[in-house]
Every structure is written in C-alpha cells, then in structure tokens.
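Number of protein chains: 2
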Amino acid sequence: MADSINFLYPEKWLLKASVGDRITCELRMRIIAGLIESGAILSENKLAADFSASRSPVREALKKLASENIIRLERMGAVVIGLTEKDINEIYDVRLLIESFVFERLVRIDTEELTKELSKILEMMQVAIKYRDADEFSYQDLLFHETIIRSVNHSHILMIWNNLKPVMESFILLSMRGRFQETYNDFTRIMENHALYIEAIKAKDRSLMIQSLHKNFDDVQGKVDDLWMSQQMLAKGVGLNND
Amino acid sequence: MADSINFLYPEKWLLKASVGDRITCELRMRIIAGLIESGAILSENKLAADFSASRSPVREALKKLASENIIRLERMGAVVIGLTEKDINEIYDVRLLIESFVFERLVRIDTEELTKELSKILEMMQVAIKYRDADEFSYQDLLFHETIIRSVNHSHILMIWNNLKPVMESFILLSMRGRFQETYNDFTRIMENHALYIEAIKAKDRSLMIQSLHKNFDDVQGKVDDLWMSQQMLAKGVGLNND
DNA sequence: TTTATAATACTTGTATACAAGTGTACTTGA
DNA sequence: TCAAGTACACTTGTATACAAGTATTATAAA
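Chains A and B, in that order, are what the protein sequence lines are. The numbering of the first sequence is the UniProt record's numbering, which starts it at 1 and goes up by one. The numbering of the second sequence is the UniProt record's numbering, which starts it at 1 and goes up by one.
Here is the structure:
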C-alpha cells in the first residue's frame, strides 16, 4: 500500500484484515477527516494504483462506503459525499432511538453481569485517558455502547448498530484525537456521563438513562461546530501518525 | 443463468440489473422461501456454476446477503441462516421504531402532497388486488411505507429502511403470493389499515397512526405461524412461476 | 486398531484480462 | 465561429488466473 501519506486508521486494528478491509477503513477515515473532500470523484483504477492494489479490493471498499452513504456510486466514478453536520445529528437521532429501545428491554432483564462488564470498560477508558491513548479510548467508548446493545439479544437492532458503527468509529477517533490535544478536561465529563449511564441501568431508571444519553450526545453535538471543523482542518494539514 | 428451476424473484424487476444483482435477489428469495434450507453451506464456485456466472457477481451477492444477516460468511463457505420467526418479529420492531420516529417529524410538516401521493399508491394497490397481481401489490405496499419515510428527509432513517427493505420485499412477496391463493379476503383489511394510516397523517393523530401500524403488523404477525410456514412448504414443492 | 503424516480437493482473497458502454475532446465540414 | 461527427481515454461489470491457506482423506507406521 502507498506510504506517501500517513495512515489515519490505527494499524493495530488491521492486523489480520484483508487488503479490502484496509482500503475500506483508510478511505473512510480520509473522507470523514476531510482529506478527501466531498464532491471529489474516485476512480477504481486510480485508487487501486494509490493503494498499490488491484481493483477487486477497491471495488469491495467502494461498495461498503456507498452502503454507509459517505460516497455515491454513479455511472462514471464514485462521488464523495462525506460526513456533514446533518449526518452527525442524524446519527445521534438513530443512536438515541436504538439505545432507548434497548433500554426498554433492559429494564425487564437481569443486568447484574452487564453492569459489571460496563464498569470494567469504564476503567479501561480511565486508563486510556491516563495514558493519553485516544484510539484506545475511542475503542472502549464504542465497546461500552455496543455491549449495552448486545445485551438484549436483538439481532436487527444490532444490525443497525453494525451499519452505523464504522462511520461513528471514524468520527469518534478523529474527534477524540483532537480532544486529547486540545480539550483534555472534556474527558472528566464524558466519564461522568458513562458512569451515570451505568447507574441508570442498575436503578432501571428510564429518565436517568435518557438524561445521561442526552448529556453525552449534547456534549458531543455542541462541540461539532468548533472542534469538529477545526479537527478537519487539522487532519488535512497534518496527516496524523499512529504506530 | 440456470433454468433448471423457476426463478422466484420477479424478472421484470431485474430488467436493467447486473448479474450480481440478479443472483443476490434470487438467492435471497430462495433462502427466505426455504428452498435453500438454513444450515446449508454455499460455495462461491458451486453457486457460480449453478447460475452460469463467474465468482465475481456471486461474491458480491454473498457479501450483500451477509450484511442482511440471512447468511453468515465463514472461513470455508457461507452458512445459510435464513429468516426465523424471531427475525420477522424483530423486523417489525424496527419498522415500528422508525415509522414512529418518522411520524413524529411528520406532524410538524405540511403533509398535503404526501397524503395525495399515498392515496395514489392506495389506488394502485386496489388495482393490483383486482387483477390478482401479488407482485405488483407487494411493490406498492412497500412503496407506500417508503414514501412516508422519504417524506421527512432523514437520510439515516432511510438507510435503515434500505438495509431492511430487500429482506422485507422477499418476505412480503412470498407472503402475498400465498394470500392471493388462499386468504384473498385478507386484502380488504390490509387496505383498511392503510387508509387508516393516511387518515392518521391527515389528522396528525399520533395514537391513530400507532393504532393502524399495530393493526397492520399484528395482522401480518398473527399469520406467521400458519400462513408463512405453509408458504415455505409451498415454495419448496412448487417453485412459483412469474413471467 | 490407532495415530501421525502426507496428499488432495476444496476454500478465500487478490490480480489481471476483457467486453461493453459513456463522456470528452478533437477534427472535419460549413 | 460554430455544429456534427468521430476517435480516444476512461468507466463499470464480469470472467479467469493464481497464491495461500484449511479441512478431509488416504496412507504409512506403531
């Protein structure tokens, strides 16, 4: 693969991944980071050359990214859509929707094991903060919510999550990397929100859960204008390093 | 493509489709109809031979079906999961979830044009019933709900619908074909439910909408045990014709 | 008879080749 | 200068080839 530019996607997450998956993840990161600007037209042949690969894995990547709505496959070339602020708001709409749904089921089952698992993840997040590991923190943050969703055993709700996850992952990765550099004390509040989430599950308190969800999301959404956009600029200029 | 067996998917819906799409749709139908039983192992090479195509479009198809959770890609071969009763229930969970969400937005906008469009679709459905055209009826039925969802311009909710749609399409196609043969008078009630839905939108009456949605879904779900399972048997034995 | 090893017949993932179609740019004619 | 047509470069979709890996089966040794 081309090494003229640093990879944005954590390489350690791709240890056993295929070339197709690598291209998918890296392309997604570059699009969401704004390195590949929206409106740009991607050619299978050109991408294959850029990544020193054949068209097969590139095709696979484009199909996936199209299903995530960050590119649009047309007759001649794939047009980059990118991630707009509207998309980010919509994604949180969907997260609120499915996590609320999940919580409804949650209050009806035994959550002993779940909350223990969540506490473990919370401590992992704390360690990640301590060692300024943005990628690890992002991973655990996503895992936190995925663990909750998985706990109710609803395969179609999980499917929605899985379709949403890659784009969220990229977004959160970029966002957290920026925060670790600039607004480090944000993390105190993020941790508090997550702790509150666990409390809501333990107490089976619906309104408390909604409250913590909103807090968490408002926290992120409020930052979109300034932090996110500046982050996009940052990514364009720097090309973050992660090995 | 092999013509040793009749195709389950309407050929007229595939007029401009690629080989990959054809294989995707046909495989999905056969899996959901139970022609390909759950637990079966699909080989890319074997499927390519069966459909007189190469591995490329078959691969594409398997990737898509895996994203729909009706097959599972493993190291050696793709394992058929199929559509269980649990899946059908879960799909309706999700439909209730997103259509409720959509309705919340709907009550805040002008629905003049939407209801007119829906009335048109309703009349199309009536014609389809009159001429015993199960495929056309299924198409309009799905279009009815998709039109409602599209009207609120929420691309991520639409994404959820799009991911769900193919499986629902297959299921509804098979279900409706069976009903046209066996329980023809079901359609009176289906039409009433849809008319009620339009009324709910016009009146912006939330509880009326939920009521019609539940009626519509309960109607379908109640039939699952008997009708759906018998339909599966039917499909296995007959191999429906549609040209 | 059982166990270890080797041959085989699969599998996936990737590369490459080719056909058919589409847009662009250039040439030719007025 | 402008219009129509033609060649070319580039696109997708599909077929085929190949490498690397995995289960299975057959063979050989104990």
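In this text, a Cβ means the ideal position worked out from N, Cα and C, and glycines have one as well.
Length of the line joining the Cα atoms of I190 of chain B and Q140 of chain B = 12 Å
For the alpha helix (DSSP H) that V94 of chain B lies in, which residues bound it at each end?
-> 85 to 106
Under three-state DSSP, which class holds A78 of chain A?
-> strand
Using a Cβ-Cβ cut-off of 8 Å (strictly less than) and excluding sequence neighbours within five positions of residue 244 of chain A, which residues of its own chain qualify?
-> Since the first residue of chain A shown is 1 and the last is 243, residue 244 of chain A is not available in this structure.
Any idea what DSSP makes of L208 of chain B, helix, strand or coil?
-> Residue state, collapsed to three classes: helix.
Terminal residues of the alpha helix (DSSP H) in which L27 of chain B lies | 19 to 33
Classify L73 of chain A as helix, strand or coil using the three-state DSSP reduction.
-> In the three-state reduction of the DSSP assignment, L73 of chain A falls in the strand class.
Starting from F101 of chain A, find everything on chain B with Cβ-Cβ shorter than 7 Å and list it in chain order.
-> L97
Pull up the distance between the alpha-carbon of R59 of chain B and that of N45 of chain B, whole angstroms please.
-> 9 Å
Answer yes if the stretch 60 to 79 of chain B comes into contact with the stretch 34 to 48 of chain B, meaning at least three C-beta pairs across the two stretches below 8 Å, and no otherwise.
-> Counting Cβ pairs under 8 Å, three or more are found: they touch.
Y92 of chain B: which of B:I32, B:S54, B:L164 sits nearest, CA to CA?
-> Closest option to Y92 of chain B, judged by alpha-carbon separation, among B:I32, B:S54, B:L164: B:L164.
Given A128 of chain B as reference, the closest of B:T111, B:Q211, B:R177, B:K16 once Cα atoms are compared = Scanning B:T111, B:Q211, B:R177, B:K16 for the CA closest to the CA of A128 of chain B turns up B:R177.
Residues bridged to I41 of chain B by DSSP?
-> B:V79
At a Cβ threshold of 8 Å, is S18 of chain A touching chain B?
-> no
Are the CB atoms of L83 of chain A and V167 of chain A nearer to each other than 8 Å?
-> yes
Have a look at A195 of chain B and I121 of chain B and give me their C-alpha separation to the nearest angstrom.
-> 11 Å
Specify the secondary structure class of K16 of chain B as computed by DSSP and reduced to three states.
-> Coil, per DSSP.
Check whether the Cβ atoms of D185 of chain B and N216 of chain B lie closer than 8 Å to each other.
-> Note that residue 185 of chain B is Asn in the sequence shown, not Asp. The Cβ-Cβ distance between N185 of chain B and N216 of chain B does not fall below 8 Å.
Does any CB atom of chain A fall closer than 8 Å to the CB of M159 of chain B?
-> yes
CB L96 of chain A to CB L213 of chain A, shorter than 8 Å?
-> yes
Contacting positions in the stretch 72 to 96 of chain A - beta carbon closer than 8 Å to chain B | K86, D87, E90, I91, D93, V94
Going by beta carbon distance, what residues of the same chain come within less than 6 Å of K63 of chain B, once the five residues before and after it are set aside?
-> none
Among the residues of its own chain, which have a CB less than 6 Å from the CB of residue 277 of chain A, if the five just before and after it don't count?
-> Only positions 1 to 243 of chain A appear in the structure, and residue 277 of chain A is not among them; the question remains open.
Taking 8 Å as the CB-CB limit, is N69 of chain A close to chain B?
-> yes
Going straight from the alpha carbon of A200 of chain B to that of I149 of chain B, what length do you get?
-> 15 Å
Residue-chain proximity (H214 of chain B, chain A), Cβ-Cβ < 8 Å = no
Which same chain residues, not among the five before or five after T24 of chain B, have their C-beta less than 6 Å away from its C-beta?
-> A61, K64
For S155 of chain A, which residues in chain B fall below 8 Å Cβ to Cβ?
-> N69, K86, D87, E90
Excluding five sequence neighbours on each side, which residues of the same chain lie with their C-beta closer than 6 Å to the C-beta of L208 of chain A?
-> A200
Three-state secondary structure (DSSP) of I198 of chain B = In the structure shown, I198 of chain B falls within a helical segment according to DSSP collapsed to helix, strand and coil.
8 Å Cβ cutoff, N45 of chain B in contact with chain A = With 8 Å as the cut-off, N45 of chain B does not count as an interface residue toward chain A.
Spatial distance of Y9 of chain B from R28 of chain A (CA atoms) | 34 Å
Closer than 9 Å at the beta carbon, the chain A residues around N163 of chain B = S67, M159, I160, N163
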